[in-house]
Amino acid sequence: RNFIIEILYFILSVESLISLIGFLQIKGLEKTGINIKQTLIRRIRSLRTIYKSYTFLNAILYIVFAILIEANIQSHGILNGWANLVLPVRIFIYVLFIVFQFLHKLRSFQKNYGSYLSAMIHLLEETREE
């Protein structure tokens with residue numbers, strides 16, 4: 012039971028850490044410059060970078076998490092129910108979980124920041140037409 016609590020704690024820690032990093036980066040977007048066009052370009056680039064780093068860092072940390080679980084199973088023989096599954100099935104479940112998390116993060120980001128990013132891109136296109 013302690014190991015399962017540690018797993019859940021790790022997942023929540025990863026999510027919290029990544030969310031905090033994303034929040035601090037988004038907070039940095041509030042700074043404005045004198046040149047509106049340059050500020051807009053910087054914000055668009057920053058938001059895209061945040062988006063990519065957020066989703067990929069999340070996926071990488073979950074891959075490391077799956078590797079650590081497997082290492083614990085191999086070295087300590089814990090999680091007997093999970094360890095009784097054959098390795099290809101466990102890997103398939105890990106991949107499903109990571110893909111689900113990745114897609115969920117994409118959708119969540121799009122929901123929370125997609126309209127903001129689209130509006131900034133639209134504004135930038137309008138300034139280029141002038």
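Heads up: the sequence shown begins at 12 in the numbering used here, then just goes up one per residue.
A virtual CB, placed ideally from N, CA and C, is assigned to each residue, including glycine.
None of these values were measured; they are calculated from a predicted model.
Are the beta-carbon atoms belonging to residue i and residue j less than 8 Å from one another?
{"i": "I61", "j": "Q36", "result": "yes"}
{"i": "Q121", "j": "Y73", "result": "no"}
{"i": "L135", "j": "I52", "result": "yes"}
{"i": "I84", "j": "A94", "result": "yes"}
{"i": "L117", "j": "T66", "result": "yes"}
{"i": "I109", "j": "A82", "result": "no"}
{"i": "K38", "j": "T138", "result": "no"}
Three-state secondary structure (DSSP) at residue i?
{"i": "L96", "result": "coil"}
At which residues does the alpha helix (DSSP H) containing residue i begin and terminate?
{"i": "Y73", "result": "I47 to H87"}
So residue i and residue j are in contact, right, with Cβ under 8 Å, and what is the actual spacing, rounded?
{"i": "L58", "j": "Y124", "result": "6 Å"}
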